[in-house]
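Q: When you line the sequence shown up against the numbering used here, it's residues 759 to 945, in that order. Cβ coordinates follow ideal geometry from the N, Cα and C atoms, glycine included.
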Amino acid sequence: WNIMIGATSGTTAAYLEPEAARLIHGSPRAVTGGIFAPRGKAVREGDGWRVSGAWQWASGNAQAQWMKAGCIAWEDGKPRMLRDGVPEVLTVYLPREKIRFADNWYVSGLCGTGSCDMSVEDVLVPAAHAKLVAWIGQRPVLFAGTIRDNIRFARPEASDADVEEAARFARLEPVLAALPQAVAPKA
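#1: Work out the CA separation of A936 and G827 for me, nearest whole Å.
#2: Taking the alpha carbon of G818 as the reference point, which residue from I763, L934, D918, L882 has its own alpha carbon closest?
#3: For the beta strand (DSSP E) holding L882, just list the boundary residues, first then last.
#4: Counting along the chain, where does the beta strand (DSSP E) carrying P796 start and finish?
#5: Going straight from the alpha carbon of Q814 to that of P796, what length do you get?
#6: Exposed or buried, which one is T766 when buried takes at least 16 other CB atoms within 10 Å?
#7: Looking only at C-alpha atoms, which of D907, E922, R808 sits nearest to V878?
#8: Looking at the secondary structure, which residues open and close the beta strand (DSSP E) in which E833 lies?
#9: Closer than 8 Å is the cut-off here; do at least three beta carbon pairs connect the segment 908-928 with the segment 835-848?
See the structure below:
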């Protein structure tokens with residue numbers, strides 16, 4: 759379970775600016791985890807976000823140096839809205855030392871996952887550590903196209919070099935090597 763959490767959490771490196779991706783995911787021993795459910799509140803403050811919230815089931819936190827947390831983005835005293843009246847949901851990256859982990863995971867199965875609750879209060883998160891990772895409206899769409907197109911979803915202006923670096927940080931080299939057409943065609 760924890761290996762799956764760490765592996766899937768690492769795929770979001772593709773959405774980060776290269777400097778933030780290197781800081782969070784750059785070490786070969788980097789492990790991240792987190793909860794995507796938007797149970798937190800991220801209030802715009804300068805060039806960052808002031809984050810507070812509580813999330814259930816922080817699986818794999820004992821191994822993780824960074825945890826991600828889903829938050830509703832707030833600005834000017836109200837939630838920021840995307841198309842179709844859906845609030846903007848950010849994934850924020852929080853360093854382990856800024857998080858409180860509750861000692862509340864007592865189960866007979868999966869006890870090794872350490873899936874306790876986690877919370878933060880008034881943590882300032884740099885803008886580079888907070889990204890809109892997914893948006894699903896009332897009519898969800900699966901993206902057709904290449905891996906390159908999907909990596910560029912959040913940053914359409916990304917260069918080919920940016921896309922290749924994001925793929926490396928997301929540890930997608932084996933997938934790309936096995937599926938050479940998944941990256942092409944280049945524009």
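A: So, to answer that:
#1: Walking along the sequence shown from the start, residue 827 turns up at place 69. Walking along the sequence shown from the start, residue 936 turns up at place 178. Note on residue identity: the sequence assigns Ala, not Gly, to residue 827. As the crow flies, the alpha-carbon of A827 is around 32 Å from that of A936.
#2: Position 60 of the sequence shown, counting from 1, holds the residue named residue 818. Ranking the options by Cα distance to G818, first place goes to I763.
#3: Translated into positions along the sequence shown, residue 882 becomes position 124. Secondary structure note for L882: its beta strand (DSSP E) is the uninterrupted segment 876-884.
#4: By 1-based counting over the sequence shown, the position of residue 796 is 38. Residues 790-803.
#5: The sequence position of residue 814 within the sequence shown is 56, counting from 1. The sequence position of residue 796 within the sequence shown is 38, counting from 1. Those two C-alpha atoms are separated by around 11 Å.
#6: To locate residue 766, count along the sequence shown from 1; it is residue 8. Burial call: exposed.
#7: Here residue 878 refers to the residue found at position 120 of the sequence shown. Comparing Cα positions, the closest option is R808.
#8: Here residue 833 refers to the residue found at position 75 of the sequence shown. E833 -> beta strand (DSSP E) spans 824-833.
#9: Taking 8 Å as the limit for Cβ pairs, the verdict is that the segment 835-848 does not touch the segment 908-928.
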